[in-house]
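Sequential numbering from 187 applies to the sequence shown in my numbering.
Think of the CB as a built atom: it goes at the ideal place given N, C-alpha and C, for glycine as much as any other residue.
Everything on this sheet refers to the single structure shown next.
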Amino acid sequence: MLDSSQIKEQAISLGFHKVGIADAQFSYQDDATANLEKWLALGYHADLTWMTNSKRGFLQEYMPGVRSVICLALNYYTGHQHSTSEGYGKVSRYGWGRDYHKVMSQKLKQFSKWLEAQEDGIQTRFCVDTSPVQDKVWAQRAGIGWIAKNSNVITKDYGSWVFLGEILTNIPLTQDDPSTQHCGTCTRCLDACPTQAITAPFIVDAQRCIAYHTIENREPELPPEIAENLEGWIAGCDICQDVCPWNQRFAQETNITDFQPFPENISPKLTELATISDQQWEKRFQGSSLRRIKAWMLRRNARANLKIREANK
Ligand code: B12
Ligand code: SF4
Ligand code: SF4
């Protein structure tokens, strides 16, 4: 039988920064499924209707016969800092470099092929972000890190600057111990969130979150209570991670060159983005995860920042 340690060695040799294994049986109705249902009932998913896919709480529905979940993480921290200069916008770190879905999928695909070649009958399915799978919940169960009060998974080696993915497989494997929680009495992220989107420890309401509004909101204008509190963000928001003591102490520069920022993404000029044409956008964001923010949304986000800065002068 294939050994878990062989699998972990292969993951590290493919360039993953962390790997852990969870037993897929965890997916039967438990706290995480119940929490997801409560979160959805409160409407905290805003317009993200794909979050209601019933498979998300039941892994067996997504991959019948799944026995193990191999969880993987890629460190994306690059050491650059967000601009605080007047007239410049802020892009969250996840969006600085090449699209992480592409970078991680490529590695996951290679890993799956290797795994399937080890023994007859091994089946795999890989996921990163877009599948109806709770990436953070599985990462916590596999010992990668804990779901923190800001709702991100924090690792002891890299802080929360990690992207998460999984390989689901039909083979039984030795599982790791789940991570324990290390937020303690800290509340820095809750206190720092400018829109009070962390409604209680561990719970984020997307309707109040700047990341949701700058990336996912498809309305022509942002709600006033969000627009007034953008603080320069035009693509995502890193505030609740930047203030986290774990990130301040344990972030490490990544060795993945694809995650180094496209130079124009670190401190984009707000007036440039407010008038960016569809053609300019097409050229500028090739291969970037910021493509999810269409040209008109980027113009909207930049204009909202300029408007509030003008009003506050
Ligand atoms: C929907 C989504 C969003 C939404 C909602 C955020 C959220 N916290 O759910 C929005 C658009 C706002 C968002 C923003 C961001 N996202 Co996002 N997002 C997701 C997605 C697709 C699903 C997350 C999910 O399942 N949410 C549902 C809730 C219920 O789950 P949860 O937050 O894990 O909550 C758990 C507990 O906290 C608790 N709990 C939660 N609600 C409740 C309610 C009650 C009553 C109780 C008792 C308990 C409880 O139970 C849950 C399970 O046990 C995942 C990818 C994936 N497929 O998993 C990426 C993902 C979470 N996002 C990611 C990132 C990077 C971000 C941003 C940092 C991007 C940015 N810089 O702008 C921000 C962070 C905002 C924040 N503080 O959470 C990464 C996180 C990596 C990491 N280290 O954790 C993920 C994992 C993508 C990836 N594959 O790497 N995201
Ligand atoms: S990403 Fe920004 S708006 Fe969303 S919870 Fe964190 S600090 Fe609040
Ligand atoms: S800022 Fe404090 S409470 Fe928030 S995630 Fe970090 S350690 Fe946890």
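Item checked: G243, DSSP secondary structure in three states -> In the three-state reduction of the DSSP assignment, G243 falls in the helix class.
Item checked: Integer-rounded CB distance, given that I452 should sit under 8 Å from H231 -> Not quite, the Cβ-Cβ distance comes to about 30 Å (not below 8 Å), so this is no contact.
Next item on the list: Return the chain-ordered list of same chain residues with a C-beta closer than 6 Å to the C-beta of M249, the five sequence neighbours on each side being excluded.
Entry: For M249, where only same-chain residues beyond five positions count, the Cβ hits under 6 Å are R311, L354.
Notebook entry, point to check: When you compare only the Cα positions, how much space is there between A383 and L228?
Noted result: Straight through space, the alpha carbons of L228 and A383 are spaced by roughly 13 Å.
Notebook entry, point to check: According to DSSP, is G281 helix, strand or coil?
Noted result: Here G281 sits in helix by DSSP.
Check: What is the C-beta distance between W347 and V339, in whole angstroms, given that I count them as a contact (C-beta under 8 Å)?
Finding: With 8 Å as the limit, W347 and V339 do not qualify as a contact, their Cβ atoms being about 10 Å apart.
Next item on the list: Output the distance between the C-alpha atoms of G422 and T400, rounded to the nearest integer angstrom.
Entry: Near 6 Å, if we compare the C-alpha coordinates of T400 and G422.
Check: Does the pairing of the segment 237-253 with the segment 316-332 give three or more beta-carbon distances under 8 Å?
Finding: The segment 237-253 is in contact with the segment 316-332.
Next item on the list: With DSSP as the reference, label S337 as helix, strand or coil.
Entry: Collapsing the DSSP output to three states places S337 in coil.
Checklist line | Sequence-distant residues of its chain with Cβ nearer than 7 Å to T440 (five each side left out) | finding: Within the same chain, T440 has close Cβ partners N261, Y262, Y263, T264.
Check: Among residues of its own chain, excluding the 5 on either side of V323, which ones have a beta-carbon nearer than 6 Å to its beta-carbon?
Finding: The residues A218, in chain order, have a CB closer than 6 Å to that of V323 in the same chain once the five nearest residues on each side in sequence are set aside.
Note to self: Using a 10 Å radius around the Cβ and a threshold of 16 neighbouring Cβ atoms, would you call G275 buried or exposed?
What the structure shows: Of the residues assessed, G275 falls on the buried side of the cut-off, its CB having 16 or more other CB atoms within 10 angstroms.
Next item on the list: Could you please give the first and the last residue of the uninterrupted beta strand (DSSP E) stretch that includes R311?
Entry: In this chain, the beta strand (DSSP E) harbouring R311 covers 310-313.
Next item on the list: Could you have a look at D209 and say whether DSSP puts it in helix, strand or coil?
Entry: In the structure shown, D209 sits in a strand (DSSP, three-state: E or B).
Notebook entry, point to check: What is the DSSP secondary structure of I425, reduced to helix, strand or coil?
Noted result: Look at I425 here: in three-state DSSP terms it is helix.
Item checked: the segment 411-431 in contact with the segment 364-383 per 3-pair CB rule at 8 Å -> Under the Cβ criterion (8 Å, minimum of three pairs), the segment 411-431 counts as touching the segment 364-383.
Checklist line | Burial state of H268, where buried means 16 or more other Cβ atoms lie within 10 Å | finding: Buried: at least 16 other Cβ atoms inside 10 Å.
Margin query: Between which two residues does the alpha helix (DSSP H) holding V255 run?
Written below: For V255, there is no enclosing alpha helix (DSSP H); the enclosing beta strand (DSSP E) has its first and last residue at 254-261.
Next item on the list: With A386 as the anchor, note down where its beta strand (DSSP E) starts and where it stops.
Entry: Note, A386: beta strand (DSSP E), 384-386.
Notebook entry, point to check: If you draw a straight line from the alpha carbon of N415 to that of L459, how long is it in whole angstroms?
Noted result: Roughly 19 Å separates the two Cα atoms.
Check: For the alpha helix (DSSP H) that contains F436, what are its first and last residues?
Finding: Per DSSP, F436 belongs to the alpha helix (DSSP H) from 431-436.
Item checked: For T400, the first and last residue of its enclosing alpha helix (DSSP H) -> Where T400 is concerned, the enclosing alpha helix (DSSP H) stretches over 396-401.
Next item on the list: Give a yes or no on whether the C-beta atoms belonging to E402 and R486 are separated by under 8 Å.
Entry: No.
Notebook entry, point to check: Once you ignore the five residues that flank V205 on each side, which residues in its own chain have a CB closer than 6 Å to its CB?
Noted result: Closer than 6 Å at the Cβ level, and outside the excluded window around V205, lie K194, A197, L258.
Next item on the list: Using only the heavy atoms of ligand 2, determine whether one of them is closer than 7 Å to the beta carbon of N336.
Entry: A heavy atom of ligand 2 is found nearer than 7 Å to the CB of N336.
Item checked: Nearest-angstrom Cα separation, counted from G418 out to F436 -> Spanning the two alpha carbons is a distance of roughly 26 Å.
Item checked: Cα-Cα separation, S463 to A481 -> Here the alpha carbon of S463 sits roughly 7 Å from the alpha carbon of A481.
Next item on the list: With a threshold of 16 other CB atoms inside 10 Å of the CB of W282, please say whether the residue is buried or exposed.
Entry: So W282 counts as buried.
Notebook entry, point to check: With distances taken from CA atoms, which of S254, K499, I442 is nearest D189?
Noted result: Selected option, being the one with the closest Cα: S254.
Notebook entry, point to check: How about N507: is its Cβ closer than 7 Å to a heavy atom in ligand 1?
Noted result: Any answer about residue 507 is impossible in this case: the structure gives the chain only from 187 up to 499.
Notebook entry, point to check: Just to confirm, does T381 get its C-beta within under 7 Å of one of the non-hydrogen atoms of ligand 2?
Noted result: Yes, Cβ of T381 sits closer than 7 Å to a heavy atom of ligand 2.
Next item on the list: Thinking Q140 and D209 are a contact (beta carbons under 8 Å), I'd like their distance in whole angstroms, please.
Entry: The requested residue 140 is not part of the displayed model; the chain covers only 187 to 499.
Item checked: First and last residue of the uninterrupted beta strand (DSSP E) at E352 -> Residues 348-355.
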